[in-house]
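K.L.:
Residue numbers (our numbering): 4 to 222.
Cβ coordinates follow ideal geometry from the N, Cα and C atoms, glycine included.
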């Protein structure tokens with residue numbers, strides 16, 4: 004049985020892609036660059052907002068100065084619109100309720116900047132008592148670097164054998180591998196099952212209820 008489940012946020016707990024894409028397109032338009040089809044954004048996200056902006060910008064505009072200006076525009080817009088179209092994936096609220104009612108602690112580890120992570124988690128899951136809610140902070144590398152997992156474990160000490168990391172991308176599976184914790188890849192997010200397999204997901208699930216089955220096995 005697992006005693007701590009660490010969840011990725013975007014593409015795992017919440018379908019945020021429309022709001023992320025809208026914010027990125029607003030940024031591109033504000034700076035006079037071409038916008039992108041909504042269908043292109045699932046492949047751009049997953050490595051933090053700075054990398055999303057870099058990918059959205061034309062190759063010729065990817066200087067540190069332009070990226071920094073674009074980040075300011077993105078954050079100002081996203082902070083006002085982060086819940087416009089975002090919704091929890093079906094079954095996620097029920098999963099979190101079941102896990103916490105059974106004594107399993109839950110945490111969030113996201114590459115999104117931390118102020119947005121905390122706001123959006125509080126907005127959509129106000130009744131959940133989180134063991135840790137961690138986003139990207141200045142000076143700390145983004146996933147797949149495992150630093151954010153170690154931060155969660157510092158805030159909620161747990162043997163690694165009792166930890167399950169859940170995410171929707173190869174970045175998440177690599178994060179779990181580097182942190183030496185078991186991984187679950189979910190197929191309802193922004194990336195494919197093939198990507199999850201290619202990055203050595205220990206489990207691949209098609210519904211949130213399967214996560215509870217894995218976490219509570221042997222209870």
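Which ranges does the alpha helix (DSSP H) cover as unbroken runs of at least 4 residues, wholly within the stretch 84-150, from first to last along the chain?
P.N.:
Restricted to the stretch 84-150, the alpha helix (DSSP H) segments that are unbroken, complete and at least 4 residues in length are 95-104 and 117-127, listed in chain order.
K.L.:
Taking 8 Å as the cut-off, decide whether the C-beta atoms of residue 148 and residue 166 are in contact.
P.N.:
Taking 8 Å as the Cβ cut-off, residue 148 and residue 166 do not qualify as a contacting pair.
K.L.:
Once you ignore the five residues that flank residue 178 on each side, which residues in its own chain have a CB closer than 6 Å to its CB?
P.N.:
146, 147 and 149
K.L.:
Would you call residue 183 buried or exposed, if buried means 16 or more other Cβ atoms sit within 10 Å of its Cβ?
P.N.:
With fewer than 16 Cβ atoms within 10 Å of its Cβ, residue 183 is classed as exposed.
K.L.:
Starting from residue 171, trace the alpha helix (DSSP H) in both directions and tell me its first and last residue.
P.N.:
Residue 171 -> no alpha helix (DSSP H), and no H or E assigned at all.
K.L.:
Applying the 10 Å Cβ sphere with the 16-neighbour rule, what's the burial state of residue 57?
P.N.:
buried
K.L.:
Expressed to the nearest angstrom, what Euclidean distance is found between the alpha-carbon atoms of residue 168 and residue 86?
P.N.:
25 Å
K.L.:
Name the two residues that bound the continuous alpha helix (DSSP H) containing residue 22.
P.N.:
20-33
K.L.:
Can you tell me the Cα-Cα spacing of residue 37 and residue 62, whole angstroms?
P.N.:
12 Å
K.L.:
Taking Cβ positions, are residue 216 and residue 11 nearer each other than 8 Å?
P.N.:
no
K.L.:
Find the nearest neighbour of residue 199 within the set 218, 174 and 220, judged by alpha-carbon distance.
P.N.:
174
K.L.:
Classify residue 82 as buried or exposed, calling it buried when 16 or more other Cβ atoms lie within 10 Å of its own Cβ.
P.N.:
Residue 82 is exposed by the Cβ-count criterion.
K.L.:
Smallest Cα separation from residue 180: which of 192, 164, 99 and 194?
P.N.:
164
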